[in-house]
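Worksheet: the structure to be examined is printed underneath.
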Amino acid sequence: MTEVLTSEERAELLAAATPDELLPLAERLLQAGDLGEPAVLHPPETGMVMLTVREPVAEERFHLGEVLVTSCTVEVAGAAGWNMRGGDDRVAALAAALLDAVAAAGLPAAGEVNALCASVAERRAREEAAEWAEVSATRVAFEELT
Numbered sequence: 072m073t074e075v076l077t078s079e080e081r082a083e084l085l086a087a088a089t090p091d092e093l094l095p096l097a098e099r100l101l102q103a104g105d106l107g108e109p110a111v112l113h114p115p116e117t118g119m120v121m122l123t124v125r126e127p128v129a130e131e132r133f134h135l136g137e138v139l140v141t142s143c144t145v146e147v148a149g150a151a152g153w154n155m156r157g158g159d160d161r162v163a164a165l166a167a168a169l170l171d172a173v174a175a176a177g178l179p180a181a182g183e184v185n186a187l188c189a190s191v192a193e194r195r196a197r198e199e200a201a202e203w204a205e206v207s208a209t210r211v212a213f214e215e216l217t
């Protein structure tokens, strides 16, 4: 992944990262003092959001249900970082928000955040390919009679 990530793409990838992927980098940057004095603008907070999906045939959107999420907003070097991730892991949400702020601020460690995002994107692509390989054997091909 050599292209520059948008803030939305970065937020999606950081939200998909596992705590084991997020925490070591965030903790190392904090301990090294590379983040200056980060400010927590909105501490990690759990809540519910409505999950909206699109029905593929009629292409109509409907509410599937509510999902538990944790969100957090921080500021590092004058740049805001935000993250919302599924579940109630407040530490991972804080770590992801810190890493988002590092990238948004353009700090030297932004390259490490981008590398983490690239790693998450590659992992997700592998998982999706494996899932498709598993379900493609059950795919039914319909023919249309005219």
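Numbering (our numbering), first residue to last: 72 to 217.
Cβ coordinates follow ideal geometry from the N, Cα and C atoms, glycine included.
DSSP places residue 182 inside the alpha helix (DSSP H), whose first and last residues are 181-207. Restricting attention to 167, 175 and 183, the CA atom closest to the CA of residue 148 is found in 175. Counting along the chain, residue 79 sits inside the alpha helix (DSSP H) bounded by residues 78-87. Distance from residue 139 to residue 157 at the Cβ level is roughly 7 angstroms; contact confirmed, criterion being Cβ atoms closer than 8 angstroms. Inter-residue distance for residue 80 and residue 166 is about 17 angstroms (C-alpha atoms, whole angstroms). When the Cα atoms are used, residue 114 and residue 160 turn out to be separated by approximately 12 angstroms. Listed as beta-bridge partners of residue 137 by DSSP are 121. At the C-beta level, residue 153 and residue 141 stay beyond 8 angstroms of one another. Under the three-pair Cβ rule at 8 angstroms, the segment 192-206 does not count as touching the segment 126-133.
Note that the segment 208-216 does not touch the segment 102-118; fewer than 3 beta-carbon pairs, one per stretch, sit closer than 8 angstroms.
The residue from 104, 117 and 135 with its alpha-carbon nearest to that of residue 123 is 135. Judged by DSSP in its simplified three-state form, residue 90 adopts helix.
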